[in-house]
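Numbering (UniProt numbering), first residue to last: 1 to 101.
A short write-up of the structure that comes next.
Here's what the structure looks like:
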């Protein structure tokens, strides 16, 4: 967690970079943004909106299918390198938990 001064420095750094960015902050954090932040018409998207969109995305069949395909590619690659190390076991266990959840 960052304090208010650090938060404001991050905000100004993002804005002054002149690059597109997505910065997800907690719902009550926008009160700590520097005066004039994002006055060029860009919107600040709140955490709960991002969460809702991500939840909706995870419900889509095409997304699930692609995730399962990527999972198989990752596991296949790990198995090809021996696959019995702790990293592979941890990944495999996490993927199993995520699939059930």
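Beta carbons: idealized from backbone N, C-alpha and C, even for Gly.
Every value quoted in this text rests on a predicted model; they were computed, and no experiment measured them.
Between residue 27 and residue 12, the gap from beta carbon to beta carbon reaches 7 angstroms or more. In the structure shown, residue 21 falls within a coil segment according to DSSP collapsed to helix, strand and coil.
Residue 24 sits away from residue 58, with the two beta carbons spaced by 7 angstroms or more. Between residue 70 and the set 15, 90, 95, the nearest pair of CA atoms involves 95. When only Cα atoms are considered, residue 63 and residue 53 end up about 13 angstroms apart. Note that the C-beta distance between residue 30 and residue 4 is not below 7 angstroms. For residue 9, the number of other beta carbons within 10 angstroms of its own is below 16, and it is reported as exposed. In the three-state reduction of the DSSP assignment, residue 28 falls in the coil class.
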